[in-house]
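Data first, discussion second: the structure below is written as structure tokens.
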Amino acid sequence: MSSETIFASATGAGRAAIAVIRLSGPMVGAAVERLAGRLPQPRFAQYARLADPRNGETIDRGLVLYFPQPNSPTGEDYAELQIHGGRAVTRALLRVLSDFPGLREAQPGEFARRSLANGKMDLSQVEGLADLIEAETEFQRRQAIRALGGALRERVESWRSGLIRALALVEAELDFSDEGDVFEPATALRPLLASLISEMADVLATGERSERLRDGFVVLLLGPPNSGKSTLLNTLARREAAIVSPAPGTTRDMIEVHLDLGGMPVTLVDTAGLREATDEIERIGIARTRARICEADLLLWLSDGGGDTPQSEAIAGVDSIRVATKADLRRCTSDELAISARTGFGIDRLLEEMTDRAKRRLGDGSTALLTRERHRRLIQETKDAIETSLDSGKPLEFVADDLRVAGRALGRIVGAVDVEDVLDAIFSQFCIGK
Numbered sequence: 001m002s003s004e005t006i007f008a009s010a011t012g013a014g015r016a017a018i019a020v021i022r023l024s025g026p027m028v029g030a031a032v033e034r035l036a037g038r039l040p041q042p043r044f045a046q047y048a049r050l051a052d053p054r055n056g057e058t059i060d061r062g063l064v065l066y067f068p069q070p071n072s073p074t075g076e077d078y079a080e081l082q083i084h085g086g087r088a089v090t091r092a093l094l095r096v097l098s099d100f101p102g103l104r105e106a107q108p109g110e111f112a113r114r115s116l117a118n119g120k121m122d123l124s125q126v127e128g129l130a131d132l133i134e135a136e137t138e139f140q141r142r143q144a145i146r147a148l149g150g151a152l153r154e155r156v157e158s159w160r161s162g163l164i165r166a167l168a169l170v171e172a173e174l175d176f177s178d179e180g181d182v183f184e185p186a187t188a189l190r191p192l193l194a195s196l197i198s199e200m201a202d203v204l205a206t207g208e209r210s211e212r213l214r215d216g217f218v219v220l221l222l223g224p225p226n227s228g229k230s231t232l233l234n235t236l237a238r239r240e241a242a243i244v245s246p247a248p249g250t251t252r253d254m255i256e257v258h259l260d261l262g263g264m265p266v267t268l269v270d271t272a273g274l275r276e277a278t279d280e281i282e283r284i285g286i287a288r289t290r291a292r293i294c295e296a297d298l299l300l301w302l303s304d305g306g307g308d309t310p311q312s313e314a315i316a317g318v319d320s321i322r323v324a325t326k327a328d329l330r331r332c333t334s335d336e337l338a339i340s341a342r343t344g345f346g347i348d349r350l351l352e353e354m355t356d357r358a359k360r361r362l363g364d365g366s367t368a369l370l371t372r373e374r375h376r377r378l379i380q381e382t383k384d385a386i387e388t389s390l391d392s393g394k395p396l397e398f399v400a401d402d403l404r405v406a407g408r409a410l411g412r413i414v415g416a417v418d419v420e421d422v423l424d425a426i427f428s429q430f431c432i433g434k
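All residue numbers for the sequence shown refer to this note's numbering, where the first residue is 1 and numbers rise by one.
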């Protein structure tokens, strides 16, 4: 438990109907009593007059909630003040709290960090909370809720129980090998560890999908100059995000637009037209386009019927769709998806195709476990250590060491051991008051 009491507004800056002020720490009870005149019954909302204790002046009237430790969101004494959301009201209350002895304004993510320190959440749940705050689409929300609900923690705890059992078998053999009634580990250890390896391999095989769902499905618009890339970008974005001009080579750098397609986060990228560059700036833009291709999930090769064909060396190995633009002005081939940005013809079909490919690549978040590269790396370390322990002829002392290494890697996923190096980076992403 921290010896400091923190406070912060948990609602965004600006005018709103309601503002919420949070407090956590040992001085919460005293602070609430000074503001509201008395401490409300735990876990019951009390309507109260909140006054400046220095002069008795009313700051506002609102709801006060008090949660004594350990049954609170942070595991400490905790309170919420729900007041009117005017800027002046919020500023006045925060100013009064800052003058209370022993109270200070919270740092970004400090409430969540105290929840972690006091066992209210593990590290994977904190990461899920961060993802939930950042979620922009339905599938991202769904995936974050699973993480916040402890889906990964439950799987890690299951694996941890298996490792503990395996290590117990090895330790029993080392300590009591001369006892006739001790269970022979060789008959149970290998199947147990093989089962853990198989489960981890299955999770690792789908882990990249969940990581990419957090970041978004990247779609590159490719094609020669004046093939309609910027026009299509503006059509899908429903705004003038890119300059459209009949002059070739107008787009010199990449322009990104973020879309929500059926719950999928999609980043649409307009690129410089692929051709022999006429100046140094256009040459740089084309080089950046080619470098970005290998990072894309889907390429849309646009053609306006000028005899241009996809450059095989540019799109090799990347999922792609041939899109025939200006379909209202010409005939299109059967292997092209025809669209017209001017009339809207084919746009819905293109969006459906993009969404379907994104879902096949990333999933819908309903079964996600590994949402960060950190998770995947640590599970791979765990799996590698277990596999090493199964090397034939290895002394049991070394097997025990390998299993301890696996257990430590597994513990770092949920913050059980040695995670100080990642905590600051994670909590810096949170808003003050969270």
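All C-beta atoms in this analysis are idealised placements derived from N, C-alpha and C, irrespective of residue type, glycine included.
Counting only the same chain and skipping the five closest in sequence on each side, list residues whose C-beta sits under 7 Å from that of residue i.
i       : result
Gly-85  : Thr-11, Arg-15, Ala-16, Ala-17, Ile-18 and Ala-19
Thr-137 : Asp-260, Gly-263, Met-264 and Pro-265
Arg-342 : Asp-328
Ser-389 : Leu-193, Val-399, Asp-402 and Leu-403
Ala-166 : Leu-189, Leu-192, Leu-193 and Leu-403
Arg-349 : Leu-337
Gly-102 : Thr-5 and Met-27
Glu-313 : Confidence at Glu-313 is low in this model, with a pLDDT of 49, below 50, so its placement is unreliable and no value can be given for it.
Between the options, which lies nearest to residue i when the distance is taken from Cα to Cα?
i       : options                               : result
Val-219 : Leu-351, Glu-397 and Glu-4            : Leu-351
Ala-147 : Ser-210, Asp-402, Pro-53 and Leu-232  : Ser-210
Leu-261 : Ala-168, Lys-359 and Glu-336          : Lys-359
Ala-8   : Arg-104, Pro-68 and Val-89            : Arg-104
Ala-291 : Asp-319, Leu-268, Leu-302 and Met-254 : Met-254
Val-323 : Gly-407, Lys-394 and Pro-224          : Pro-224
Asn-55  : Arg-34, Ser-320 and Arg-38            : Arg-34
Ile-293 : Asp-391, Ala-117 and Asp-319          : Asp-319
Pro-395 : Val-170, Met-121, Ala-117 and Ile-164 : Val-170
Leu-302 : Gly-411, Gly-119, Arg-288 and Ile-321 : Ile-321
Gly-207 : Thr-367, Thr-231 and Cys-431          : Thr-367
Glu-173 : Arg-160, Thr-187 and Ser-161          : Thr-187
Pro-108 : Gly-119, Ala-130, Arg-95 and Arg-87   : Ala-130
Glu-387 : Thr-325, Arg-239 and Glu-199          : Glu-199
Gly-29  : Phe-67, Arg-239, Leu-132 and Ile-164  : Phe-67
Leu-362 : Asp-215, Asp-391, Ser-392 and Lys-326 : Asp-215
Ala-436 : Leu-94, His-258 and Lys-120           : Nothing in the structure corresponds to residue 436, since the chain is present only between 1 and 434.
Leu-23  : Ala-106, Leu-410 and Arg-87           : Ala-106
Can you tell me the Cα-Cα spacing of residue i and residue j, whole angstroms?
i       : j       : result
Phe-139 : Glu-397 : 46 Å
Ala-237 : Phe-217 : 15 Å
Ile-62  : Ile-21  : According to the sequence as given, residue 62 is Gly; it is not Ile. The straight-line gap from Cα to Cα measures roughly 11 Å.
Gly-346 : Asp-270 : 19 Å
Glu-4   : Gly-25  : 6 Å
Glu-80  : Gln-69  : 14 Å
Thr-267 : Leu-233 : 11 Å
Ala-92  : Asp-52  : 9 Å
Glu-57  : Ser-115 : 34 Å
Leu-221 : Asp-335 : 18 Å
Ala-201 : Leu-39  : 53 Å
Ala-338 : Leu-299 : 15 Å
Ser-98  : Thr-235 : 50 Å
Val-64  : Tyr-78  : 11 Å
Arg-288 : Lys-229 : 16 Å
Gln-46  : Glu-134 : 32 Å
Phe-44  : Asn-71  : 13 Å
Leu-196 : Gly-162 : 7 Å
Phe-111 : Thr-74  : 6 Å
Gly-37  : Val-126 : 35 Å
Ala-296 : Thr-325 : 21 Å
Asp-391 : Ile-164 : 19 Å
Cys-332 : Trp-159 : 55 Å
Met-354 : Gly-119 : 42 Å
Ser-2   : Gln-41  : 23 Å
By Cβ distance, which residues of its chain are closer than 8 Å to residue i, with the 5 residues on each side in sequence left out?
i       : result
Leu-204 : Leu-370, Arg-376, Ile-379, Gln-380 and Lys-383
Ser-124 : Ala-147, Gly-150, Leu-152, Arg-153, Val-156, His-375, Ile-413, Val-414 and Gly-415
Pro-246 : Residue placement at Pro-246 cannot be trusted, given a pLDDT of 48 that sits under 50; what the coordinates show is reported in the next sentence. Cβ neighbours of Pro-246 beyond the five flanking positions: Asn-226.
Leu-373 : It is Glu, not Leu, that sits at residue 373 in the sequence shown. Excluding positions up to five away in sequence, the list reads Glu-211.
Enumerate in chain order the residues of its own chain whose CB-to-CB distance from residue i is below 6 Å, with the five nearest sequence positions on each side excluded.
i       : result
Gly-365 : Phe-139, Arg-142, Gln-143 and Leu-213
Gly-128 : Ala-144, Ala-147 and Leu-148
Val-405 : Ala-385
Asp-60  : Leu-50, Ile-83, His-84 and Val-89
Phe-100 : Ala-31
Phe-183 : Note that Phe-183 scores a pLDDT of 49, beneath 50, so its modelled location is shaky; the value from the coordinates is reported in the next line. Within the same chain, Phe-183 has no close Cβ partners at all.
Ala-168 : none
Met-121 : Ser-115
Report yes or no: is there a C-beta of chain D within less than 8 Å of the C-beta of residue i?
i       : result
Trp-159 : The chain inventory of the structure shown lacks chain D, comprising one protein chain alone.
**Item:** Continuous alpha helix (DSSP H) assignments of at least 4 residues falling wholly in the region 115-173
**Value:** The region 115-173 contains these whole alpha helix (DSSP H) runs: 123-134 and 138-148.
**Runs of beta strand (DSSP E) wholly within the region 14-74 (minimum 3 residues, chain order)** = Here the runs fully enclosed are 16-24, 46-51 and 58-67.
**Request:** Go through the region 330-394 residue by residue and report every complete run of the alpha helix (DSSP H) that reaches 4 residues or more, in order.
**Result:** Counting only runs of 4 or more, we get 347-362 and 373-389.
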